[in-house]
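Top to bottom, those sequences are chains A and B.
Counting in our numbering, the first sequence runs from 1 upward without gaps.
Counting in our numbering, the second sequence runs from 1001 upward without gaps.
What follows is a short report on a single structure.
Number of protein chains: 2
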Amino acid sequence: MARTFDTALTRLLGIRYPIVQGGMQWVGRAELASAVSNAGGLGVLTALTQPDPDALTAEIARCRQMTDQPFGVNLTMLPTRTPPPYEAYLDAAIASNVRVLETAGMVPAEFFAKAKNAGMVILHKCTAVRHALSAERKGADVISIDGFEAAGHPGEDDVPGLVLIPAAVRQLKIPVIGSGGFGSGAGLAAALALGAAGINMGTRFCATQEAPIHPDIKQALVNATEVDTKLIFRTLRNTARVLKNEVSQEVVAIEQRPDSTFADIAHLVAGARGRAALETGDVNAGLIWASQIVSLIDDIPTCAELLERIADDCAHRLEAAMAAIGVVGATAPALAARA
Amino acid sequence: MARTFDTALTRLLGIRYPIVQGGMQWVGRAELASAVSNAGGLGVLTALTQPDPDALTAEIARCRQMTDQPFGVNLTMLPTRTPPPYEAYLDAAIASNVRVLETAGMVPAEFFAKAKNAGMVILHKCTAVRHALSAERKGADVISIDGFEAAGHPGEDDVPGLVLIPAAVRQLKIPVIGSGGFGSGAGLAAALALGAAGINMGTRFCATQEAPIHPDIKQALVNATEVDTKLIFRTLRNTARVLKNEVSQEVVAIEQRPDSTFADIAHLVAGARGRAALETGDVNAGLIWASQIVSLIDDIPTCAELLERIADDCAHRLEAAMAAIGVVGATAPALAARA
Chain A
1 MARTFDTALT RLLGIRYPIV QGGMQWVGRA ELASAVSNAG GLGVLTALTQ
51 PDPDALTAEI ARCRQMTDQP FGVNLTMLPT RTPPPYEAYL DAAIASNVRV
101 LETAGMVPAE FFAKAKNAGM VILHKCTAVR HALSAERKGA DVISIDGFEA
151 AGHPGEDDVP GLVLIPAAVR QLKIPVIGSG GFGSGAGLAA ALALGAAGIN
201 MGTRFCATQE APIHPDIKQA LVNATEVDTK LIFRTLRNTA RVLKNEVSQE
251 VVAIEQRPDS TFADIAHLVA GARGRAALET GDVNAGLIWA SQIVSLIDDI
301 PTCAELLERI ADDCAHRLEA AMAAIGVVGA TAPALAARA
Chain B
1001 MARTFDTALT RLLGIRYPIV QGGMQWVGRA ELASAVSNAG GLGVLTALTQ
1051 PDPDALTAEI ARCRQMTDQP FGVNLTMLPT RTPPPYEAYL DAAIASNVRV
1101 LETAGMVPAE FFAKAKNAGM VILHKCTAVR HALSAERKGA DVISIDGFEA
1151 AGHPGEDDVP GLVLIPAAVR QLKIPVIGSG GFGSGAGLAA ALALGAAGIN
1201 MGTRFCATQE APIHPDIKQA LVNATEVDTK LIFRTLRNTA RVLKNEVSQE
1251 VVAIEQRPDS TFADIAHLVA GARGRAALET GDVNAGLIWA SQIVSLIDDI
1301 PTCAELLERI ADDCAHRLEA AMAAIGVVGA TAPALAARA
C-alpha cells in the first residue's frame, strides 16, 4: 500500500515520509542523499565530507542530477584546533539554493540568521533539552533530539529517547524529531506516539544498497547486536558511540588506565579515523560510528524498500496498539469514533 | 471515558490496564499495592521489605483486606554475603495463595518450578535479552525488560527501551512488558507500538498519594529533571540508578578516585541505605532509587487518577499518530478500514 504521512515535518519539508537521513561523515554523499530523497525521505549531504566548499557546490549539483526531490546539507561544528571554513561551506549551500540545513554542534547565532535570511529550513541536532531551547531561540525550525542510543556524539547526559523526546516536545514550540536508535517501523511508531513529528536515521541508512560504504562494513552492521556498540572519548567529555572493534576496544582500554593522558587518547584518535574502515571493508581499520539500532538491522535493502517497509510497519504497529484499547461496557475493544 | 485494555498481559493477569507496579524495597507495601490493584493495574508487595516470611504472610493478608483485585509479590535475589531466606518468602506467598510472582535477579530454576506448580503467573524482570531467554526456558510467563532508564538495577549493557523492547519482543515467545523510564500515556503508547504487552512502573508510583513515602521525597521526584539521576556502583558491576543527592555524589566521587577500593565503596553503601530518606523526608539521608521518568513527573495524584490519565493519554497519542498516516491518492489522511 502506498502510504503517505502528514506531520509538521512532512509539511515543512514537502516530503512523503517523516524520515530524515542524518548527516554522516564520509557517508552523506550524493549517492545516499539522492536515494533517500527519491524514496520519500529527506536525504542530506554532509558538508565536511567534501574537501572544500567548491567540492560541496559540485556535490550538490551532482545530487540534483540524481533527484528532483528536496534534500539538505549538514553542517556539524565541533571543537577542533584547526576549524574548517564553516561559513564558506554554508555560503556554498546557500549559493546552490539548498532549502534545508541540518546543523549540529556549536553553531553561532549569525549562521542561523544567515540561513534563515536565505530562506532555509533549519533542522538543529542536539542532545539536551537546554541546547534545543537555545537553538529554538536562535531560529531553528525543527529540533532533531539525539538520545543516548545515538551514533556519533550522543552527549554527556545519557538520556534515551523514551524520556528525552517527550521532555523536549513539552518544552519546545517548534516540532521535534527523534534521533538515535531509530530505523524500524516500530521505532517510527514509538516516536510519533511520544509526540515527535518524525525521526532521523543514520546508522540504518548505512546498511542500504545505496550507502557509499564497503559491503563488508554493511554486513558488520547486520551482524551486530544491541551490545555491540561502545561509548568512547568519555574522558574527553566528547563521547562517541562506535561499533565494538579492535580500535574501539583499545581506546576504551587506554581511557580506563588511571595514568592515561589526553595526549595518549588524542594520538590514538588521530590514527583511528573511520574512513579507512568504510572504504576498505576492514572492520578493524578504524572507528566506525554506529547507533544501538544495529540490534534491529537484519538486511541491506534499497532506501525505497526500507522506507516503504518502515511506513507499513509503523501503520501496522499503531493499528495493533489502538486495537488493544477499548471502552468499559463494549463487548470488544472499540475505537473512539473520529470525524 | 472509562477505558479498558486487551493485551496478553491484561488477559493473563485479569487486570484492566496493562500496568504493573514493580517491586520496590521499602515502598512495595499493602498501601501502594492495594491502591494500584484497585485502580486497575497490578499492585506488587515487595517480599524483602518485610523482616521475615511471617511478616510477609501478614502483609499479604493486610493487602487482601484493602483490595479484592489481583496483586503480586516481588522476590528479588541479588548477590549478598548473608542471603535472606528466599525460599521461605516464596513459600509464604504460595501458602497465602498469591497468584502472581514478580522475580528479579538470580532466581534458581527450582524456584520457577515451585511457583509454576503452585499455579502462579511468573513475571521475570531482567535487563538483557539473553537473561530473558534463559528465564523463558525456566518457565517465566512474562518478561519485564528493564532498560537503561530504569531505577534500581539497570544492568551493565546500557541498552534503552527503544531498542531493548523490540529486541526482546522478536526473540521471545512469551509476552514482554517495558520497564524503566515509563510513567506516562506517551510511554505506554510507545511501549505498545514497540510490541510490548504493557509497562512496569516503579518511580512514577512513588510520586502518588498512596505511596508510603515521606511527602518531601515525593516532591523531590516532582522537582527532578531528566539529568537529575546518577549511575553508581558501576565499578562493582552492580550498577544502580539513583537520584542525584549528596550521598550519590559522594559515591560517584569515591568510585572515580583511582585508589578507591571495593571496601571503601561497600562501607559507604552500608551507611547510605535509602530507607532513612524515604521515611524522614531528608533527601540527603541516603540513596534514593529513581528512574529517568522523574523528568516527566509533575504531580502527586492518586493511583486511580494516574492510571486513568495514562490510559486516556495513551489512547489520544495513538489516535494522533494514526491520524498522521494516510494513503497516496486520498484527499486527507485516512485510516485503514478495520473489521
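Don't be surprised by glycine CBs; every beta carbon is placed ideally from N, CA and C.
Worksheet item: Which term fits A/N97, buried or exposed, when burial requires 16 or more other beta carbons within 10 angstroms of its beta carbon?
Response: exposed
Worksheet item: Taking all protein chains shown into account, do 16 or more other C-beta atoms lie within 10 angstroms of the C-beta of A/G181, making it buried, or fewer, making it exposed?
Response: buried
Discussion item. On the DSSP bridge list, what partners appear for B/C1126?
Written reply: B/I1145
Discussion item. If you reduce the DSSP assignment to three classes, tell me which class B/S1179 lands in.
Written reply: strand
Discussion item. Against chain B, which members of the stretch 247–268 of chain A pass a CB distance test of less than 7 Å?
Written reply: P258
Worksheet item: Interface residues of chain A around B/Q1292 at Cβ under 7 Å?
Response: V159, V163
Worksheet item: Got a sec: is the Cβ-Cβ distance from B/F1112 to anything in chain A below 8 Å?
Response: Put simply, the CB of B/F1112 is far from chain A, with every gap to its CB atoms at 8 Å or more.
Discussion item. Can you tell me whether B/R1257 is buried or exposed? The criterion is at least 16 other CB atoms within 10 Å of its CB, across all chains shown.
Written reply: exposed
Worksheet item: Which residues in the same chain as B/G1281 place their Cβ atom closer than 8 Å to its Cβ, once the five residues preceding and following it in sequence are excluded?
Response: H1214, P1215, D1216, I1217
Discussion item. Classify B/P1083: buried if its beta carbon has 16 or more other beta carbons within 10 angstroms, exposed otherwise.
Written reply: exposed
Worksheet item: Are the stretch 1314–1325 of chain B and the stretch 3–14 of chain A touching, with three or more C-beta to C-beta distances below 8 Å?
Response: yes
Practice prompt. Using alpha carbons as the reference points, say which of B/E1210, B/L1042, B/A1320 lies closest to B/I1122.
Written response: B/L1042
Worksheet item: What's the C-alpha gap between B/M1106 and A/F148?
Response: B/M1106 and A/F148: Cα-Cα distance of roughly 28 Å.
Discussion item. Which of the three DSSP states is assigned to B/L1194 in this structure?
Written reply: coil
Item to complete: Can you give me the start and stop residues for the alpha helix (DSSP H) that B/T1010 sits inside?
Response: 1008–1013
Fill in: Proximity to A/I11 [Cα-Cα], best of A/P175, A/S260, A/A55, A/R241
Looking at the sequence itself, residue 11 of chain A is Arg, so the reference to Ile does not match. It is A/P175 whose Cα lies nearest to the Cα of A/R11.
Practice prompt. Measure the CB-CB distance between A/T57 and A/S34 and report whether it falls below 8 Å.
Written response: no
Worksheet item: Cβ of A/E226 less than 8 Å from any chain B Cβ?
Response: Judged by the 8 Å Cβ criterion, A/E226 is in contact with chain B.
Worksheet entry | Beta bridge counterpart(s) of A/K230 as assigned by DSSP | A/K230 is bridged to A/V242.
Worksheet item: Per DSSP, what kind of secondary structure is A/N200 in: helix, strand or coil?
Response: strand
Worksheet item: Does B/P1166 come within less than 8 Å of chain A when only Cβ atoms are used?
Response: Cβ-Cβ to chain A under 8 Å: yes for B/P1166.
Worksheet item: Hey, does B/G1014 have any beta-carbon neighbour from chain A nearer than 8 Å?
Response: no
Fill in: Exposure of B/F1262, with buried meaning 16 or more beta-carbon neighbours within 10 Å
exposed
Worksheet entry | Residues near B/V1247 in its chain [Cβ-Cβ closer than 7 Å; skip 5 each side] | A1272, N1284, G1286, L1287
Practice prompt. Closer than 8 Å by beta-carbon distance: list the chain A residues that pair up with B/R1003, in chain order.
Written response: Within 8 Å Cβ-Cβ: I325, G326, V327, V328.
Practice prompt. Let me know the secondary structure DSSP gives A/I254 once reduced to three states.
Written response: helix
Worksheet item: Under the rule that 16 or more other beta-carbon atoms within 10 Å means buried, what is A/K125, buried or exposed?
Response: Buried, by the Cβ-count rule.
Fill in: Between the CA atoms of B/L1296 and A/C14 - distance to the nearest angstrom
It should be pointed out that residue 14 of chain A corresponds to Gly in this sequence rather than to Cys. Using only the alpha carbons, I get a separation of about 32 Å.
Fill in: Inter-residue Cα distance where the pair is A/L307 and A/G202
Distance between the alpha carbons of A/L307 and A/G202 is about 13 Å.
Worksheet entry | Run of the alpha helix (DSSP H) containing A/I325, from where it starts to where it stops | Element bounds for A/I325: not the alpha helix (DSSP H) but the beta strand (DSSP E), 325–327.
Practice prompt. Keeping to the same chain, check which residues put their C-beta closer than 6 Å to that of B/N1200; ignore five residues upstream and five downstream.
Written response: Excluding residues up to 5 positions away in sequence, V1020, G1022, S1144, I1177, S1179 lie with their Cβ nearer than 6 Å to the Cβ of B/N1200 in the same chain.
Worksheet item: In whole angstroms, what is the alpha-carbon distance linking A/D53 and A/L164?
Response: The identity of residue 53 of chain A in the sequence shown is Pro, whereas the question assumes Asp. Linking A/P53 to A/L164 through their CA atoms gives a straight-line distance of about 35 Å.
Worksheet item: Does the beta carbon of A/G195 sit closer than 8 Å to a beta carbon anywhere in chain B?
Response: yes
Fill in: chain B contacts from the stretch 168–194 of chain A (Cβ-Cβ distance under 7 Å)
G181, S184, A186, G187, A189, A190, L192, A193, L194
Worksheet item: Do you know offhand how far B/A1321's Cα is from B/C1303's?
Response: 27 Å
Worksheet item: How long is the line joining the alpha carbons of A/G185 and B/D1299, rounded to whole angstroms?
Response: 33 Å
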